[in-house]
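Engineer: Supplied in C-alpha cells, the structure appears directly below.
2 protein chains.
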Amino acid sequence: MHDHSVHVQCSECPIRHRAVCARCETDELNRLEQIKYYRSFQAGQTIIWSGDRMEFVGSVVSGIATLTQTMEDGRRQMVGLLLPSDFVGRPGRATAAFDVTATTDLVMCCFRKKPFEELMATTPHIAQRLLEMTLDELDAAREWMLLLGRKTAREKIASLISIIARRDAALHLRRAGGKLAVDLPLTREEMADYLGLTLETVSRQISALKKDGVITLEGNRHVQIPDLDRLLEEAGDDSDGGMLV
Amino acid sequence: MHDHSVHVQCSECPIRHRAVCARCETDELNRLEQIKYYRSFQAGQTIIWSGDRMEFVGSVVSGIATLTQTMEDGRRQMVGLLLPSDFVGRPGRATAAFDVTATTDLVMCCFRKKPFEELMATTPHIAQRLLEMTLDELDAAREWMLLLGRKTAREKIASLISIIARRDAALHLRRAGGKLAVDLPLTREEMADYLGLTLETVSRQISALKKDGVITLEGNRHVQIPDLDRLLEEAGDDSDGGMLV
DNA sequence: GGTCCTCTTTGACCCAGATCAATCGACAGG
DNA sequence: CCTGTCGATTGATCTGGGTCAAAGAGGACC
Chain A
125 MHDHSVHVQC SECPIRHRAV CARCETDELN RLEQIKYYRS FQAGQTIIWS GDRMEFVGSV
185 VSGIATLTQT MEDGRRQMVG LLLPSDFVGR PGRATAAFDV TATTDLVMCC FRKKPFEELM
245 ATTPHIAQRL LEMTLDELDA AREWMLLLGR KTAREKIASL ISIIARRDAA LHLRRAGGKL
305 AVDLPLTREE MADYLGLTLE TVSRQISALK KDGVITLEGN RHVQIPDLDR LLEEAGDDSD
365 GGMLV
Chain B
125 MHDHSVHVQC SECPIRHRAV CARCETDELN RLEQIKYYRS FQAGQTIIWS GDRMEFVGSV
185 VSGIATLTQT MEDGRRQMVG LLLPSDFVGR PGRATAAFDV TATTDLVMCC FRKKPFEELM
245 ATTPHIAQRL LEMTLDELDA AREWMLLLGR KTAREKIASL ISIIARRDAA LHLRRAGGKL
305 AVDLPLTREE MADYLGLTLE TVSRQISALK KDGVITLEGN RHVQIPDLDR LLEEAGDDSD
365 GGMLV
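Residue numbers (the working numbering), protein chains in the order written: chain A, 125 to 369; chain B, 125 to 369.
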C-alpha cells in the first residue's frame, strides 16, 4: 500500500517530527489539498470527550493520542492508541463513547467532516482506503481483546513492547545496528490502562522482564530488546506476523 | 438506516428462520443478485480457521457464528459474535488470524470475493455501507475491550445479557408483554470465552444474579429480565444507549 | 428402564494481580 | 540549598476469580 521508507523530514508539515509523515507523502487522502489543514494539540489536551462530537476526521502526523473509555467510578480502559499515520474520526454519524486525548504534543492532519463526506461519496478510492484502514484497526482490536481477556500480566507487558516495536519497525524508525530498541511512549499508568492492569503490576512485570534478561532498560522509557524471538515467546504470540524483514 | 420492523418470514431466503432477514429485505447488498448465493453450515462446523482464507464475504441470515482467537496452549478468546444481519469477511487481502465457527445451524448470504470486490470498486455505495458497518463493529469491539479489561465477573455477565437483549430488541425479536426475556444463544463455556472468564465463574455469577433477583432463569438458556434498569446498573454501563424504544 | 454423553452447578482451595503504603529519583522553582 | 511534584519502584497484605474435583440434570439411544 504505502511506501514508508522515506526517512527525511516531511516537507509539508508545518512542524518538526521524528518520522516522515507517511500519510502526507503517499496517501490518496493527500489529493484533498483543498480541505486539508493541520492542527496542534498540547500534551494532555482532550480532543473530544464522551458525548461530544468530533467535527473533523484526520490522521496523526506526529505525537501520540489515546482513545479511552471511562466508567462512572473512574475505571479506565484504553481502547485505541493513535501513533503517527493512524486515522481517527468517523465519517457519517457521530461515534465517540470515548475520550480522545493527546498524550504527547500532537499534530494532526485534519479534514472537515462535511466536505470529506462529500468527497468520499464521489471518490470510491477514499471510501475503500478508509475501509481498509478500519479493517486493520478492527483486526488490531481483536488481538487486543485476546490480550485483555486471556493473557497474563507478564505476557501483556511483553506483547505491548513487541507491538510498539512492530509499529516502529513499520515506520522504519530506530533500528540501530541489529540491536532493537524502542521508546515507550506511555507512562506506567497509561500502559496499565492499555493492558487492563494496575500501574504497580506493570512496574513489577517490567522489572521482572529486566531481571530475566528479556529486555534492558535505560531510564524509564527506553527499552532495548536483545532477543526479539525471546520477547515474542514471552508475549505468547504464536506467529511473529512477519514483523521484521 | 434499515427498517427492521417487519416480522414476517423473509420471502427470499431458502430456509426458515425466526426473524426477518433484515439484510435481504433492505440492504444495498441485495442489489447484487447475480453474485449472491446462500450457504448452510452445521452447528459446530468450522467455516475458516487461522491461516486459511475465506473465499467469500457475507452476512448471517439465521443462526449464530463466533470469531475466536486461540493461543498455542489452548487459551481461547472470542473476538466476535455474529448474529443475524452481521457481516463477515474481508474484501481485499486476507485477514483471519482467527477461527470462524458456527455455534448453531447457520445460514449465510454469501458473495464470492472477486466479483464482490469488483462491484465495490464501481459502486461507492457498497464501500460506504461496508465502512459504516465496520465502524459499528469497531465501536462494539471497543466497548468489549472495556468489559474485558476492567469489569468484574458479575458486571461482565450482566453486560453480556444486556448486549444480547439489545441485539434482540434491535431485530424486534421477542418482546413479550412488557417483561423482557432473552435466549442465551451460547453455552456457559462460550460465554466464558466471550467474557474472558472460566465457565465455572460464569455459572456462579449467573446463579448469583438469579439469587439477587436481577434475572430469573427458565431452563439453562432462557433468561427473564424483570427490571432492565437494574440489569444495566449491574453491568456498569453509564448510559442505556437508547436501548429500547 | 438404564447408560452414555454433554452441559451445568457447587464446593474447597489457591494464586495472580489488586490494593494500600512507603520510598526513591529526577526535575523545577524559590 | 531546600521543597514540592510527579512518576516509578518495591513491599506487605488481601481477594476475585482460577483450578481441581464431584455431583446434578437433562436428552438421546438401546
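We put the CB at the ideal spot given by N, CA and C, even for glycine.
Owing to the predicted nature of the structure, the values given are computational and were not obtained by experimental measurement.
1) Counting contacts by CB-CB distance shorter than 7 Å, is residue 352 (chain A) in contact with chain B?
2) Three or more C-beta pairs under 8 Å: does that hold for the stretch 337-356 of chain A against the stretch 306-316 of chain A?
3) Which residues, taken in chain order from the stretch 302-329 of chain B, show a beta carbon closer than 7 Å to some beta carbon of chain A?
4) Could you have a look at residue 223 (chain A) and say whether DSSP puts it in helix, strand or coil?
5) For residue 209 (chain A), name the three-state secondary structure that DSSP assigns.
6) Run through chain B and tell me which residues come within less than 8 Å of residue 254 (chain A), C-beta to C-beta.
7) Between residue 193 (chain B) and chain A, is there a C-beta pair that is closer than 7 Å?
8) Does residue 303 (chain B) come out as helix, strand or coil in the three-state DSSP assignment?
9) Just verifying my parser: in three-state terms, what is the DSSP assignment at residue 243 (chain A)?
10) Against residue 222 (chain A), what residues of chain B qualify as contacts under a CB-to-CB distance less than 7 Å, listed in chain order?
11) Taking residue 273 (chain B) as part of the alpha helix (DSSP H), name the residues at either end of that continuous run.
12) Do you know whose CA, among B:211, B:202, B:240, lies nearest residue 223 (chain B)'s CA?
13) Using the Cα positions of residue 149 (chain A) and residue 230 (chain A), report the straight-line distance between them to the nearest angstrom.
14) Measuring CB to CB, does residue 283 (chain A) end up less than 7 Å from residue 270 (chain A)?
15) Rounded to whole angstroms, what's the CA-CA distance from residue 163 (chain A) to residue 313 (chain A)? Just pull it up for me.
16) Check the C-beta distance from residue 247 (chain A) over to residue 190 (chain A) and give it rounded, since I have them as a contact under 8 Å.
17) Distance, Cα to Cα, residue 261 (chain B) vs residue 262 (chain A)?
18) Give a yes or no on whether the C-beta atoms belonging to residue 200 (chain A) and residue 192 (chain A) are separated by under 7 Å.
19) Is residue 88 (chain A) close to chain B? Criterion is C-beta to C-beta, closer than 7 Å.
20) Could you tell me the distance, in whole angstroms, from the CA atom of residue 187 (chain A) to the CA atom of residue 205 (chain A)?
21) From residue 250 (chain A) to residue 279 (chain A), what distance separates their C-alpha atoms?
22) So is residue 213 (chain B) buried or exposed if we call it buried at 16+ other beta carbons inside 10 Å?
23) For residue 354 (chain B), collect the residues of the same chain with a Cβ closer than 7 Å to its Cβ; drop the 5 residues on either side in sequence, then sort them by chain order.
24) Measure the C-alpha to C-alpha separation of residue 179 (chain A) and residue 243 (chain A) and round it to an integer number of angstroms.
25) Going by beta carbon distance, what residues of the same chain come within less than 6 Å of residue 241 (chain B), once the five residues before and after it are set aside?
26) What does residue 178 (chain B) reach in chain A if we use C-beta pairs closer than 8 Å?
27) Consult DSSP for residue 170 (chain B) and reduce its assignment to one of helix, strand or coil.
28) Since residue 341 (chain A) meets chain B, which of its residues come closer than 9 Å, beta carbon to beta carbon?
29) Chain A partners of residue 203 (chain B), CB-CB under 7 Å?
30) At a CB-CB cut-off below 7 Å, which residues of chain A make contact with residue 291 (chain B)?
31) Counting contacts by CB-CB distance shorter than 7 Å, is residue 262 (chain B) in contact with chain A?
32) For residue 211 (chain B), collect the residues of the same chain with a Cβ closer than 6 Å to its Cβ; drop the 5 residues on either side in sequence, then sort them by chain order.
33) Residue 278 (chain B) touches chain A at which residues, Cβ-Cβ below 9 Å?
34) Cβ atoms of residue 161 (chain B) and residue 234 (chain B): under 7 Å apart, would you say?
35) Kindly indicate the opening and closing residues of the beta strand (DSSP E) around residue 315 (chain B).
36) Can you give me the C-alpha to C-alpha distance between residue 292 (chain B) and residue 167 (chain B), rounded to a whole angstrom?
Structural biologist: Looking at the atomic coordinates:
1) In the first sequence, counting from the first residue as 1, residue 352 (chain A) sits at position 228. Output row for residue 352 (chain A): interface = no.
2) yes
3) 320
4) Taking the first residue of the first sequence as position 1, residue 223 (chain A) is located at position 99. Correct three-state label for residue 223 (chain A): strand.
5) Reading the first sequence from its first residue, position 85 is the one you call residue 209 (chain A). Coil.
6) Residue 254 (chain A) sits at position 130 when you count from the first residue of the first sequence. The answer, in chain order, is 255.
7) In the second sequence, residue 193 (chain B) corresponds to position 69, counting from 1. Yes, contact with chain A.
8) Reading the second sequence from its first residue, position 179 is the one you call residue 303 (chain B). In the structure shown, residue 303 (chain B) sits in coil (DSSP, three-state: anything other than H, G, I, E or B).
9) Numbered from its first residue, the first sequence carries residue 243 (chain A) at position 119. The answer is helix: DSSP assigns residue 243 (chain A) an H, G or I state.
10) Numbered from 1 along the first sequence, position 98 holds the residue referred to as residue 222 (chain A). Here the neighbours are 266.
11) As a working note, residue 273 (chain B) is residue 149 in the second sequence. Element bounds for residue 273 (chain B): 248-274.
12) To locate residue 223 (chain B), count along the second sequence from 1; it is residue 99. Nearest C-alpha to residue 223 (chain B): B:202.
13) The count along the first sequence starts at 1 and reaches residue 149 (chain A) at position 25. The count along the first sequence starts at 1 and reaches residue 230 (chain A) at position 106. Below a pLDDT of 50, predicted positions are generally treated as unreliable, and residue 149 (chain A), at 38, falls in that range; the measurement from the model is reported next regardless. Cα to Cα, the separation comes out at about 18 Å.
14) Along the first sequence, read from residue 1 onward, the residue named residue 283 (chain A) stands at position 159. Along the first sequence, read from residue 1 onward, the residue named residue 270 (chain A) stands at position 146. It is not a contact, given that the beta carbons lie outside the stated cut-off.
15) In the first sequence, counting from the first residue as 1, residue 163 (chain A) sits at position 39. In the first sequence, counting from the first residue as 1, residue 313 (chain A) sits at position 189. Straight-line Cα distance between these residues: approximately 27 Å.
16) By one-based count along the first sequence, residue 247 (chain A) stands at place 123. By one-based count along the first sequence, residue 190 (chain A) stands at place 66. 30 Å between Cβ atoms; not a contact.
17) Stepping through the second sequence from its first residue, residue 261 (chain B) is reached at position 137. Stepping through the first sequence from its first residue, residue 262 (chain A) is reached at position 138. Their Cα atoms are separated by approximately 8 Å.
18) For the purposes of this step, residue 200 (chain A) is taken as residue 76 along the first sequence, with counting starting at 1. For the purposes of this step, residue 192 (chain A) is taken as residue 68 along the first sequence, with counting starting at 1. Closer than 7 Å, so yes.
19) With chain A running from 125 to 369 in the structure shown, residue 88 (chain A) is simply not present.
20) Along the first sequence, read from residue 1 onward, the residue named residue 187 (chain A) stands at position 63. Along the first sequence, read from residue 1 onward, the residue named residue 205 (chain A) stands at position 81. Cα-Cα distance, rounded: 11 Å.
21) By 1-based counting over the first sequence, the position of residue 250 (chain A) is 126. By 1-based counting over the first sequence, the position of residue 279 (chain A) is 155. Between residue 250 (chain A) and residue 279 (chain A), the C-alpha separation is close to 37 Å.
22) Within the second sequence, residue 213 (chain B) is the residue found at index 89, counting from 1. Buried.
23) Locating residue 354 (chain B) in the second sequence gives position 230, where the first residue counts as 1. Taken in chain order, the residues that qualify are 338.
24) Indexing the first sequence from 1 puts residue 179 (chain A) at position 55. Indexing the first sequence from 1 puts residue 243 (chain A) at position 119. Cα to Cα, residue 179 (chain A) sits roughly 16 Å from residue 243 (chain A).
25) Within the second sequence, the letter at position 117 stands for residue 241 (chain B). Excluding positions up to five away in sequence, the list reads 215.
26) Here residue 178 (chain B) refers to the residue found at position 54 when the second sequence is read from its first residue. Result: empty, since nearest Cβ-Cβ is about 13 Å, beyond 8 Å.
27) In the second sequence, the residue the question calls residue 170 (chain B) occupies position 46. Looking at residue 170 (chain B) - three-state DSSP - the assignment turns out to be strand.
28) The count along the first sequence starts at 1 and reaches residue 341 (chain A) at position 217. Those do not exist, as residue 341 (chain A) stays about 25 Å from chain B at its closest Cβ, beyond 9 Å.
29) Translated into the one-based positions of the second sequence, residue 203 (chain B) becomes position 79. Here the neighbours are 266, 269, 270.
30) Within the second sequence, residue 291 (chain B) is the residue found at index 167, counting from 1. Those do not exist, as residue 291 (chain B) stays about 17 Å from chain A at its closest Cβ, beyond 7 Å.
31) In the second sequence, the residue the question calls residue 262 (chain B) occupies position 138. Yes, residue 262 (chain B) lies at the interface with chain A (some Cβ there is under 7 Å from its Cβ).
32) Taking the second sequence and counting its residues from 1, one reaches residue 211 (chain B) at position 87. Closer than 6 Å at the Cβ level, and outside the excluded window around residue 211 (chain B), lie 183, 257.
33) The count along the second sequence starts at 1 and reaches residue 278 (chain B) at position 154. Here the premise fails: no neighbours, minimum Cβ distance about 14 Å.
34) In the second sequence, counting from the first residue as 1, residue 234 (chain B) sits at position 110. In the second sequence, counting from the first residue as 1, residue 161 (chain B) sits at position 37. Yes, Cβ-Cβ distance for residue 234 (chain B) and residue 161 (chain B) is below 7 Å.
35) Taking the first residue of the second sequence as position 1, residue 315 (chain B) is located at position 191. Where residue 315 (chain B) is concerned, there is no enclosing beta strand (DSSP E), although the alpha helix (DSSP H) it sits in stretches over 312-319.
36) Here residue 292 (chain B) is taken as the residue at index 168 of the second sequence, counted from 1. Here residue 167 (chain B) is taken as the residue at index 43 of the second sequence, counted from 1. Looking at the two C-alpha atoms, the distance is approximately 20 Å.
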